[in-house]
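As you go down the protein sequences, you meet chains G and C in turn. Residue 248 in this note's numbering is what sits at position 248 of the first sequence, and the numbering runs on without skipping anything. Residue 10390 in this note's numbering is what sits at position 390 of the second sequence, and the numbering runs on without skipping anything. Here a beta-carbon is modelled for each residue, glycine too, at the ideal position from N, C-alpha and C.
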Amino acid sequence: MRIKFLLCLFLSTSALWVFAQNNLTVTGKVTEKATKFPAIGVNVHVKGTTNGTITTPDGDYTLANVPANAILVFSYIGMLTEEIPVDGKTVVNVELTEDTQRLEEVVVIGYGTSKVKDLTSSIATLRSDDLTKTPSGQAMQALQGKVAGLQIVSGGGPGNSPSVRIRGVGSYPGNDGKNNNEAPLYVVDGIFYSNIDFLNTADIVSMSVLKDASAAAIYGVRAANGVILIETKSGGYDKKTEVTFDGYYGYQVAQNVLKMANAEQYAGMAMESGSASDVSNIEKAMLRYGRSRINPNVPDVNTDWYKEILRPASIQNYSMDVSGGSARASYSIGTNYFAQEGILDMKNEYERFNLRTKLDYKTTDWLTLGGNVIWSQATKYPEEAGAWNQAYFAVPVLPVYDESNEAATPDKFANAQDLGYRGGQNPFPTLTYSNKKHLINKLLTGFYANVALVPRKLTFKTSYNQAYSSLNEREVLLPYYLGDNFQRKDASIIKRAITYSDITWDNLLTYTEEIGNHSFSVMAGSSFRDESYTLLEAKGLNFPLGQEQSWYIDQAETVPADDVKDDGTRQYGMSYFGRISYNYANRYLLYGTMRADGSSKYQEKWGYFPTIGAGWVLSEEGFMRDNGLADYLKIRASWGQLGNDKIQASDGALTTSLVTTAVNDVLVSGTTVSGVYSSLKWEKTEETNVGLSADFLQNRLNLEADYYIRDTKNAAINVNIPAVGGTVIRNVGVIRNSGFELAVNWEDNIRQDFRYNIGFNVSTLKNEVRDLFGQPYIDGGSAEFRQRSITGRPLLAFYGYEVAGVYQNEAEINADPIAVANGLAPGDFKYKNQNGDDAVNDDDRVVLGSYFPTFMYGGHIGAGYKNIDLSVHIMGQSGNKILNRKRGEYIWTNDTNVDADLAINRWHGEGTSDKYPSSAGLRKGWNQKMSDYFVEDGSFFRIQNIQLGYHIRGQKWFGLAMPSMRISLTADRPLTVFSYNGFNPEIANGIDTQAYPVPATYTIGLNIKF
Amino acid sequence: MKQLKKYLIYPVAMLPLFLTACHDLLDEPAENKAFTEETDYTRPADMILPIIGVYATAYDMGWECYPLIAVRGDDVNAGGLGDQQDFMETDFFRYNKDYWMYNSLWEASYSKIYTTYSAVNQIELYKENGASAQLAEQYIAEAKVIRAFLMFNLARVWGSVFVPLDFDPTNLMTTGLSSKDQAMQYISGLMDEAIPLLPDMHPRDRSDIKGGVTKYTALAIKALANLELKNYQAVADATSPIIQSGKFELEADFYELFKIKGKLNKENLLEWQYSDFGQGSGDRKGHLFGFYGPQNWTPKVAGLGGGWGFFEPSLKYIKFMLDRGETVRLETSVLFTDRGIAEIKNDPEYASLPEWVSNTTRSGDVINDFVRALFSSGKHYLPTDQYISGRTEYGSNKNFICIRYAEVLLMYAEALTRGASGSSISADDAVNSVRTRAGLNKLSGVTSDQVMDEKFAELAMEWGTRFYDMIRLEKYGELSYDGRTFNPDLTFLPYPQNQVDLLPALKGE
């Protein structure tokens, strides 16, 4: 039976090839209408068949076996497709026009598609051309600076995902336990993901950012942080086979490396510190390493630790894919290899190999079946992030190697404890004696059936998708000895097996109808989700080290029982949703969706999320017709509600934890019970958006403007538990994000062969806590670096004292009762006495700023002349603050290095500084109070990307016609300008402890199509 | 094929039925959570788990907690010059409520106190479900004793504190403060509740939780609280039964009391237990003794880690001990460096020192000079020849003694010299037993001052006993030494800023 069916399938497919008849041979020339240039590589085929060809470098084509009554289809990416009846002619010449009608463009919306002109909400779409310019393993990186209202913060290390925020943060960061609850929902070909690190940028056809609630509401509970819809490459029916090769190779170089104090500056600071032990450390360094010949009061060592731990690193990416289709089948198959080294000088790499297939098959005129499979296999050697921190703090008077550290093994690294420092400081043991390897396998599969119940009117689609990821992590720490207090006695190995499985089963019924000027479409659907996670972890100590093959827990001498972990979660979701969109004469648009979401995560199981939207196309009204200025003008408004279930599952009850302790030298177990528990509800986001879409001057200028107000109600916030510390999540507030977004693009040709485009986008963001259910404020952050959420102010604003200056001399101290009362000395901070009373105390603390940028901008300019094209992207932001937590570390340990700006501009005598305290002052509690000394301006401007491309088409080399090729040179993020004293102003949560520096990437790329 | 299409309609129509079946899944509980409500309270053997949890939390003492409790006396200095400056400032009575250690000690103490409350709730549930009522009462009493010791230290450091009434800390938002005296009375009363329910034995004789709390631990804490209240008769009444019981003895070798031999020693009434579990690697429970250790040393067993160089015995204490002709107690309490010895000798009155004063310990570890401090605390030092081979952390496998019999004897003696009547031995006998162990001659007709000197000599570097004694006796002059100026306004630390911001009751202070 099954064989019969397959045979039938085979025969019906092959019939397509067999029945081609031998009629005419048609020739012709295809040109680009605007330039009159020959159009090369244009797909020409007989409609309804696979009989086709592509145009030669001269734009010519010859196609045999064309029935006299056939229709020829001419298609090329970026051009409008032309269909020309043959009508017995043997020569058919065609001019193709560029597809500038963006309004006719079809964009992906939730569970369906829509024409841009029918949208009532704010959706920004980027196509593959915009994406592939950025050499990165992370597709989202390519969106940085390109979409108004979208903030991308680079992830740094190879294989790390950037953090993505759409229109600010509605949810309190970090309360899902994994710190990624701000992340938007990614929907790749209909499947939900919270992370798309497996995707190859070149495989993406389009990315649609659903910015407002109205657009995203169809995704209900998962959409509170916005939704990004991703369409991957697919074939096409009646499409000539197209083979594409894409590749680039390049180098990454660390940018804006923070200047630390050099040995002379550092020694100077130590001498002024008033601390005998710090002076003694410098003296010991001089004894041990000699005195500098330039300045005999400085040790003859001047280590620039950042320079030591950084390296130039390679990045490369190659993909190859084939796509096409017959009248009934469409396919796309691709493979991709991506490899990136980290700029940290250790085994820090990421390598990914992807295989991808997508098939659609029209079995009958009413049934289409299809499926796709992506297999992604990645190996990641993660960075030892701690090394950045250590390099920051390591003193410059310590060399990397110290041959006199004779007992050191296996390498003779220097140990700062030999100079009297409390820590060993040298980052090299961390980098060298660590071997971490993560194997990441992801398998994403899907199958769908599409049934046309009533042709072109009523369709039913059911799709079943499963995404399965398995992470096998091995973390080996090797023993070393650099000193009694700077050693790792035991070799340790941790093995961790993590799996994630996300199953989605969607069922959709779509009905479209057009009656006169009324056209509408109705969709109803359901979605079932089953998401699970498992973790199993164990640790072993002391195993044979010589060979990696022995690195198994089985080989370990000791397996500590306390270090075995087993964890898992499983959550189910059930949703029903529907959508109505209505269009009257392309003039009035109405839109509405409703979603009911059920989740096993909370005590409250069901949430309901409605939205409505309306649009008025003014340009279709009689009074606006043919006004000569606006080709298209639409005003739109929408309102919607979303839910957020990324908040960690609430226990809703007391939970018991297992603890162990020693009783009479025996390890025994006991239990403790938390005294505080959370009972959580859904977070609900409500958003109103008004916008304007317009095209002017023969569609050359287009503009999108939006204003939104987004309120997160029942915001789940980490509330500090009094007395005992720690936090508990409670639904205790309303957070509002509001802002204005504007995107303007201009595109034109000057003469025939020069084309250019220019555009910019700006967005403002105001983040504000609207209500805390009666409480005046909620504290967050750490006790020493207070962040406070106050009604009317931004969420988690930095909160502390304002530095008014530095006391310059004794006279100034004596004249100020506050200075006298606190026993201050010249070189100490003078804090602003906000309330004007007779003391500076906790009542004088104020909001010092927020980590949300209030203004973000991006821009691009592109130009092409004949075969050369050039594009430049810029971006930037301002209004945000960064907590320089590295400087803050001085509170706990102050025998470490400081940044050069602080060392040079410290107070060291009257008139030397009004900004930084003296070296001795830095050590005083008075100057260590949370103040705007620690909180710096996070504004930056960046040249995001420069790309120069050269097309080779219509060339014959050695007598052979060459395929269409493009060679490109790219400089990604070559320049960033900022004032912050760190080496990367991109800090997602505004607290800079150890950001991975953002490298500039220079690549050469090649794209071949045939 | 048209037929097939017809059939397809049915599954589509049936779909709603399939989907509603999925709804039940929404009621599945979360994975990997031990829901307290699902604990099987009918298994009496499990009733020990919550009380073990109480001990585990108490033993898990952050490195910053004890130093802040103990540093302000004239027996010890902060050391650690150049690092943790506000720790040193605190030693000099210049307080900073923004300093992280203050908040850390506060939170650590209260979170442990709350653990004792939730454990009591759990034990009561076992009791309701048929576990031995007597054992349940005993465990509850044990939790109260641990709570009392934590509260005792909190009240000594901050004066007025919260006395929590149930296991939910958020209720503190609407709770007022109790004065120090009220807190001490609460502790004393809590011990009265506990004493009759606790085992009448030495902690190390307990078979279920060896080294756990017994009746005598509760009596000792009651004595400590009443000493703070200057209720000397109550002190004598609480200490007498401990002495009379005959279950406690001074460890003959004072030096070894603070080493491995001191673990579950017959002298100890309360101690935090740590262990390497007899193995050179793997599971380990330990306290960060490194804080107290010398920054530079040549250990007898090479390759073992030193310390951070904080917590320096004061010159005042050392000279006081030399004046008394102390040997073993000074040797045990202080690790000397050459620089420290030279500093003592700088004072012409101490130009010649006894021969045994050396930078090499009795056990053969050599303490080298380091800049931060002149001396290190010997009571927090474990000789390297007592380590389990393979372990390198300073003081690994050593216990932390909280209350020992010598202190009980001296409290008893003090109470008697201040007019209380004792039902046990004489004050002379109590003091002399301590002196005999220290190799000193016997006294007769001891005075209060002599007892206080004896406490100074015996209990230096232990839990700030000296500092709080001087506060109680208002001998503020003693605390103004080596550049420090004390006045009664500086008795208590200011409340941590973080807590002031959270708890309305602290704002008024």
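> When the distance is taken between beta carbons, is residue 10075(C) closer than 8 Å to residue 10329(C)?
Replying inline: No, Cβ-Cβ distance for residue 10329(C) and residue 10075(C) is not below 8 Å.
>> Any beta carbon from chain C within less than 8 Å of residue 1033(G)'s own beta carbon?
In response: Past the boundaries of the shown model lies residue 1033(G); chain G is included only from 1 to 1010, so the question cannot be answered.
> Closer than 8 Å, Cβ to any Cβ of chain C: which residues of the stretch 471-485 of chain G, in chain order?
Replying inline: Residues passing the 8 Å Cβ filter: 481, 484 and 485.
> What does a CB cutoff of less than 8 Å around residue 838(G) pick up in its chain, not counting 5 residues either side in sequence?
Replying inline: These residues qualify, in order along the chain: 817 and 818.
>> Measuring straight from C-alpha to C-alpha, what distance separates residue 360(G) and residue 331(G)?
In response: Going by the C-alpha atoms only, they are around 7 Å apart.
>> Is it buried or exposed, residue 10248(C), if we count other Cβ atoms within 10 angstroms and call 16 or more buried?
In response: Buried, by the Cβ-count rule.
>> Assuming contact is defined by CB atoms lying nearer than 8 Å, are residue 1010(G) and residue 974(G) in contact in what I supplied?
In response: The criterion of a C-beta distance shorter than 8 Å is not satisfied by residue 1010(G) and residue 974(G).
> With which residues is residue 375(G) paired in a DSSP beta bridge?
Replying inline: In the DSSP secondary-structure assignment, residue 375(G) is bridged to 355(G) and 443(G).
> How would you write the range of the beta strand (DSSP E) that residue 572(G) sits in, first residue to last?
Replying inline: In the DSSP annotation of this structure, the continuous segment of the beta strand (DSSP E) that includes residue 572(G) starts and ends at 565-584.
> Looking at C-beta atoms only, is the number of pairs between the stretch 904-922 of chain G and the stretch 980-994 of chain G that lie closer than 8 Å three or more?
Replying inline: Between the stretch 904-922 of chain G and the stretch 980-994 of chain G, the count of Cβ pairs shorter than 8 Å is below three; the stretches do not touch.
> Using a Cβ-Cβ distance under 8 Å, would residue 10379(C) count as near chain G?
Replying inline: No, because no Cβ of chain G sits closer than 8 Å to the Cβ of residue 10379(C).
> Applying a beta-carbon distance threshold of less than 7 Å, which residues of chain G neighbour residue 10261(C)?
Replying inline: Identification of chain G residues near residue 10261(C) by a Cβ-Cβ cut-off of 7 Å yields none; the smallest Cβ-Cβ distance measures about 13 Å.
> Nearest-angstrom Cα distance between residue 336(G) and residue 682(G)?
Replying inline: Taking the straight line joining both Cα atoms gives about 40 Å.
>> Ignoring anything shorter than 4 residues, give me the alpha helix (DSSP H) runs that lie fully in the stretch 798-853 of chain G, in order along the chain.
In response: Scanning the stretch 798-853 of chain G for uninterrupted alpha helix (DSSP H) segments of 4 residues or longer gives 810-815 and 817-821, listed from N- to C-terminal end.
> Rounded to the nearest angstrom, how far is the Cβ of residue 10056(C) from that of residue 569(G), given a contact under 8 Å?
Replying inline: Between residue 10056(C) and residue 569(G) a beta carbon distance of about 27 Å is seen, past the 8 Å cut, so the two are scored as non-contacting.
> Using the rule of at least 16 other Cβ atoms within 10 Å of the residue's Cβ for burial, across every protein chain shown, is residue 776(G) buried or exposed?
Replying inline: Around the Cβ of residue 776(G), a 10 Å sphere holds fewer than 16 other Cβ atoms; the residue is exposed.
> At which residues does the beta strand (DSSP E) containing residue 598(G) begin and terminate?
Replying inline: Membership of residue 598(G) in the beta strand (DSSP E) is indicated by the continuous run 588-599.
>> Spatial neighbours of residue 10472(C) within its chain, please: C-beta separation below 8 Å, excluding the five flanking residues on both sides.
In response: Same-chain partners within the cutoff: 10227, 10228 and 10230.
> Just how far apart, CA to CA, sit residue 977(G) and residue 711(G)?
Replying inline: Looking at the two C-alpha atoms, the distance is approximately 33 Å.
> Taking the alpha carbon of residue 734(G) as the point to measure from, which residue in 137(G), 774(G) and 154(G) has its own alpha carbon closest?
Replying inline: The closest CA to that of residue 734(G), considering only 137(G), 774(G) and 154(G), is found on 774(G).
> Which residue comes first and which comes last in the alpha helix (DSSP H) that contains residue 236(G)?
Replying inline: No alpha helix (DSSP H) holds residue 236(G); DSSP gives it neither H nor E.
> Given that residue 598(G) touches chain C, what residues does it touch there, using C-beta distances under 7 Å?
Replying inline: The contacting residues are 10023 and 10026.
> So which residues on chain G does residue 10308(C) lean against when the C-beta distance must stay under 7 Å?
Replying inline: The answer, in chain order, is 422.
> Near residue 244(G), what residues of its chain come up, given a Cβ to Cβ distance below 6 Å and the 5 sequence neighbours on each side ignored?
Replying inline: Taken in chain order, the residues that qualify are 321 and 1009.
> Does any C-beta atom of chain G lie closer than 8 Å to the C-beta of residue 10176(C)?
Replying inline: Residue-level contact by beta carbon fails for residue 10176(C) and chain G, as no gap is shorter than 8 Å.
>> Measuring only the C-alpha atoms, how far is residue 10496(C) from residue 10099(C)?
In response: Distance between the alpha carbons of residue 10496(C) and residue 10099(C) is about 8 Å.
> Taking just the CA atoms, how far does residue 10310(C) sit from residue 10070(C)?
Replying inline: The straight-line gap from Cα to Cα measures roughly 12 Å.
> Apart from the five residues just before and just after residue 580(G), which ones in its own chain have a Cβ nearer than 6 Å to its Cβ?
Replying inline: 522 and 592, listed in sequence order.
> With DSSP run on the structure shown, which of helix, strand or coil describes residue 554(G)?
Replying inline: Here residue 554(G) sits in helix by DSSP.
> Which whole-angstrom value is the C-beta distance of residue 383(G) and residue 807(G), which I expect to be below 8 Å?
Replying inline: For residue 383(G) against residue 807(G), the beta-carbon gap comes to about 42 Å, at or over 8 Å, which does not count as contact.
> Going straight from the alpha carbon of residue 636(G) to that of residue 857(G), what length do you get?
Replying inline: Looking at the two C-alpha atoms, the distance is approximately 23 Å.
>> At the level of alpha carbons, what is the spacing between residue 498(G) and residue 377(G)?
In response: Cα-Cα distance, rounded: 15 Å.
> So which residues of chain C does residue 745(G) contact, with C-beta pairs closer than 8 Å?
Replying inline: Within 8 Å Cβ-Cβ: nothing; residue 745(G) doesn't reach chain C, min ~44 Å.
> Below 8 Å between beta carbons: does that hold for residue 276(G) and residue 10371(C)?
Replying inline: Residue 276(G) places its beta carbon less than 8 Å from that of residue 10371(C).
> If you compare alpha carbons, which of 531(G), 369(G), 394(G) and 528(G) is closest to residue 451(G)?
Replying inline: If we check each option's Cα against that of residue 451(G), 369(G) comes out closest.
> Quick one: is residue 10342(C) near chain G, going by C-beta distance under 8 Å?
Replying inline: Nearest CB-CB separation between residue 10342(C) and chain G: not below the 8 Å threshold.
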